[in-house]
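With the UniProt record's numbering applied, the sequence shown corresponds to residues 1 to 961, in that order.
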Amino acid sequence: MPVATGEQRAEKDLFSPTDTFAPRHLGPSPQAVREMCKVIGVKDLDEMILQTIPAVVRSKEALKLSDGKLGEAGSLALLKSILSKNIVATNFIGMGYHGTHVPQCIQRNLLENPGWYTAYTPYQAEISQGRMESLVNFQTLVCELTGMEVANSSLLDEATAAAEAMAMISRTVNSKAKNQFFVSKGVHPQTIEVMETRARYFGMELIIGDHETTDFAALPKLCGGLVQYPDTKGVLKDYTAVGDALHKNGAHLVVAADPLALVAARPPSEFGADVVVGSMQRFGVPMWFGGPSAAYLATSKKQVRRMPGRIIGESIDRLGNPAYRLTLQTREQHIRLDKATSNVCTAQVLLANMAGMYAVYNRADGLQAIAKRVHAMAQLFAKDVAKAGFPILVAEDFFDTVCFTVKDAAALVETLQGQRLNLRLVDATTASASFDETHLESDVRALVAAVVAAGGSGTPAAGPAAVDGKMPDAFARTGPFLQQKIFNSIFSETEMMRYMMRLQLKDLALDKSMISLGSCTMKLNSVASLAPCSWPEVGNMHPFAPSSQTQGYREMLESLEQQLNECTGFHATSLQPTSGASGEYAGLLVIRKYLEAKGEGHRNVCIIPRSAHGTNPASAAMCDMQIKWIDDSKGMDLAEFKALCEEHKDTLAALMVTYPSTRAFFEDGIQEICQIVHDCGGQVYMDGANMNAQLGLTSPGMIGADVCHLNLHKTFSIPHGGGGPGLGPICVREHLAPHLPNHSVVSPSSGGDLSAVSAAPWGQAGIACIPWMFNTMLGSKGVTDSAVYAILNANYMKARLEPHFNIVATNSFNRCSHEFIIDCSNLKRKSGVVEEDIAKRLQDYGFHAPTMSWPVPHSLMVEPTESEDKAELDRFCDAMISIREEIRKIEDGTWPMDDNPLKNAPHTQGEVVSNEWTHPYTREEAAFPTKWILERGKFWPSVARVDNSLGDRKLVLRLAE
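Here is the structure:
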């Protein structure tokens, strides 16, 4: 083959795409990189990496990803060609997933708006008031639909919400004697499977049966029971007798309920439900091949301190004005640690906001019209198919799903799939059709005709059936609900747009400034990577559609699995876990299954460093592991660690380790640590929270780990969405691959012998295109450069701030990883200033605070990511240095310790422009402490500092009527 000449190569480069992604993803320019290296004290990036990552674990080969030269348009075109292999059929499958109309004003102004999707979890309440107001709408909506007193601000999916309800009830009963839980066979099969997975290691015996024939009085060990409303065959049932029987037995009733059905049907509270769970997907959220969508959990006020997940409540700010905040934050896993019975540390905030806005947009009367129309379609189908000679399961006690009898249901379902009409196969002689708001009357007629033509018997109905859309009297909702003004006042799209904008302006997101939260990796979420989420072949796909219609999705998902295998140095990946904590749980279960397969199921000891994320011990506890702690405050002491492993070598199951360490540097002895665990018969689980520092430079496989989870909403650029969605896939070595999660309804190609950990086979597949685009657009070099530039930015900021603050936990070269820790404890002694004061004062400068008080007490953990340019890094450093000078004014007595800009921060616009000003510092010092704030544009926190203790003492968790 002839070698290309220089001119030929130049000509080839001339026609290469110019919209390459890497320069747009990486913040610092080449000139800035040189300047930053000089400040750090290294000659170039190579020297910096040599001083940061131990030589023994540095990769010597480039990642085998794309070359990154396709550009944004080319990568989108490639993905389009793959996903176009999907067949978007008309779905009547149901089973908790339904077609829905996403209002275009919500799609454009919320789902596709960086002011909403790039925000972080509302830990800093003063700059999160907009999304928290929206989440209170969501909580109120759920309470109104279910008839319950309180609801959380969302969970991951319906199946895991049901499992969380079981765990919550177990805590409520608090009796080792009550270790049984009943699940009706009328519950969706994916929920039953996830419940079985959770129950096994939770110490709960699951009893699956017919709630109508079960003698609950003969089951004194029951702590609760779960039923579905309407059930998985679409039948509405009154569960009053079940609730009474459970209550007499000291047990609790959990109801999994469809929220659109609850618009028209009696709420579960009326037949004695203690907990209600479900999915809000059909409230204006696409199916997305299984997710993401917001699940919910609602219960009584007396259970509020046992509820899993997050709850938004009302308090007041420093000036006495009402303000929202995360309520009961001490319930988080970093407080409970190994005592936690839930590892839920996130929510589906973006999707909960969509669902809440869907109710605001449609209003109460609009929701009732939608529910009535959907029910009318089900009525029409039921009457017409019955007239045609196909018996139906129930005459009228259904909402949107109709089961009917046919000679050969499998043949019927397969024939209709060929016509792009998807029914559910229930059993050999039963199929079902479920209707939603996207269906038209013509769809019902076409489906009836297709059933008649392919069913082997039956005749076309003579004349149209008369329907009224009214629920059967025994199940019709009669009382008033959704009387709150917000669900009855917006009639025009103009006002809807303005309402969403008013809320957006109260929040600080990445569209305004950097968010330097350590361990949270708030990087660029590129529009090119997000765009496919709005494609119909991505959003309109049912997770249980036949494989013949989902080839494009499967190809993309399996391609992403291979990309993640390459980045981790592992053999196989499961995309099923829906969050980082879900990935931790799944990864530990894989280890348990592997050990059981070896005949070593007795191994249950899990060693966890003290600096670990709080979800680590919570996940281990959920897997029935015995937790042993080891101090790593000054790095892991190998002798102490080896002694601990030797002590438990007969029962050691796993080490959970984060790399680089949560203390922000790469441990030198990580390979030896992993080998010690292996020598003692255990497996190594690597928490992937800090994977952004590893990409292409080292890998979990290189350090010696066996399994890891990846936060795709961190490292691989899925936006945080104000606190969710996310993906937490697990990657494993070859010996663990046979034990990856499977699914009873649709088996993913990666599936092993572990039962499902999430409701959908590929978890939240609808956002998997984002990391696929990230890897494809960046390519091998760009992905690796992401880690290099993340480390560069962190070390540059550390070098700038070192003269002013106490930086802790660096390696022998004084290098940090992709983040660094500022110890603020020395400031309190002289000024009274604590880390929270600095966090609140940063809001006056237009910045979100770094992570507070973890993993080092009284600290700030700063992570700039690779996507911030030098100018933004300098602005943040200048703000921190300015704040340090303000602290000195407190130390030298210029400002009193109890009345200064830090203790009073943040300052609202109303306070600054008010007639009264009594502080010893000026209004300008309060609101415009540096010149560039005025030049860049001032961000005003909408409330002053929020009173946290009051919000926990006086719980206000929903809107008043």
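Quick reminder that beta carbons are idealized off the backbone N, C-alpha and C, glycines included. If you're wondering where the values come from, they're calculated on a predicted model, not measured in any experiment.
Q. Touching or not, the stretch 637-650 and the stretch 868-887, by the rule of three or more beta carbon pairs under 8 Å?
A. no
Q: Taking only the alpha-carbon atoms, compute the straight-line gap between T191 and T232 and give it to the nearest angstrom.
A: 10 Å
(Q) DSSP has M656 in a bridge; who is on the other side? (A) Y685
Q.
Is the separation between the beta-carbon of V275 and that of V254 shorter than 8 Å?
A. yes
Q. Got a sec? Which residues, its chain only, sit under 6 Å from F435 by beta carbon, not counting five neighbours each side?
A. V374, M377, A378 and D400
(Q) I believe G580 touches A689 by the beta-carbon criterion, under 8 Å. Please report the beta-carbon distance rounded to the nearest angstrom. (A) 7 Å
Q.
Would K628 and V605 qualify as a contact pair, given that the criterion is a beta-carbon distance under 8 Å?
A. yes
(Q) Any heavy atom of the ligand ATP inside 7 Å of the beta-carbon of K512? (A) Ligands in the displayed structure: none, and consequently the ligand ATP is not present.
Q.
Since residue 964 and G728 should fall inside the 8 Å C-beta cutoff, what is the C-beta to C-beta distance between them, to a whole number of angstroms?
A. Residue 964 cannot be examined here, being either before or after the span of the chain that is shown, 1 to 961.
Q.
My parser needs the alpha helix (DSSP H) runs of 4 or more residues fully inside the stretch 913-958; what are they?
A. 923-927, 931-936 and 948-953
Q. How long is the line joining the alpha carbons of Y201 and R171, rounded to whole angstroms?
A. 15 Å
Q.
Can you tell me whether N353 is buried or exposed? The criterion is at least 16 other CB atoms within 10 Å of its CB, across all chains shown.
A. buried
Q: Taking only the alpha-carbon atoms, compute the straight-line gap between V385 and L236 and give it to the nearest angstrom.
A: 20 Å
(Q) By the DSSP assignment, the beta strand (DSSP E) with M861 in it spans what residues? (A) S859 to V862
Q.
Using a Cβ distance threshold of 8 Å, determine whether the stretch 67-81 contacts the stretch 462-478, with at least three qualifying pairs required.
A. no
Q. Which of the three DSSP states, helix, strand or coil, is assigned to L873?
A. helix
Q. Would you say the stretch 518-531 touches the stretch 19-36, given that touching needs at least three Cβ pairs under 8 Å?
A. yes
Q. According to the Cβ coordinates, are W917 and R923 closer than 8 Å?
A. yes
(Q) Please list the terminal residues of the continuous beta strand (DSSP E) segment that includes L425. (A) R424 to D427
Q: Verify whether the separation of the beta carbon atoms of A664 and F820 is less than 8 Å.
A: yes
Q: Would you identify the three-state DSSP class for Q333, choosing helix, strand or coil?
A: With a pLDDT of only 48 at Q333, under the threshold of 50, the placement of this residue in the model should not be trusted, and no figure is reported.
Q | Reference Y499; option with closest CA among I106, L934 and R888 | A | I106
Q) Per DSSP, what kind of secondary structure is Q180 in: helix, strand or coil? A) strand
Q | Limits of the unbroken alpha helix (DSSP H) element including D443 | A | E441 to A454
Q) Measuring CB to CB, does A871 end up less than 8 Å from L319? A) no
Q: Measure the CB-CB distance between E835 and S859 and report whether it falls below 8 Å.
A: yes
Q) How far does the alpha helix (DSSP H) with K903 in it reach, from first residue to last? A) P901 to N904
**Q.** Own chain partners of D624 with C-beta closer than 6 Å, once the 5 adjacent residues on each side are dropped
**A.** Y201
**Q.** Pairwise C-alpha distance: C37 and D13
**A.** 30 Å
Q: Can you have a look at residue 964 and say buried or exposed, based on whether 16 or more other CB atoms are within 10 angstroms of its CB?
A: Here the chain has residues from 1 to 961 only, and residue 964 is not among them.
Q. Would a C-beta distance cut-off of 8 Å place F847 and S513 closer than the cut-off?
A. yes
Q) Just reading off the alpha helix (DSSP H) that L78 is part of, what are its end residues? A) G71 to L83
Q: Consult DSSP for P472 and reduce its assignment to one of helix, strand or coil.
A: coil
Q. What did DSSP end up calling Y117 once you bin it into helix, strand or coil?
A. helix
Q: Flag this pair as yes or no: are the beta carbons of G225 and F181 separated by less than 8 Å?
A: yes
Q. In whole angstroms, what is the alpha-carbon distance linking T430 and S744?
A. 19 Å
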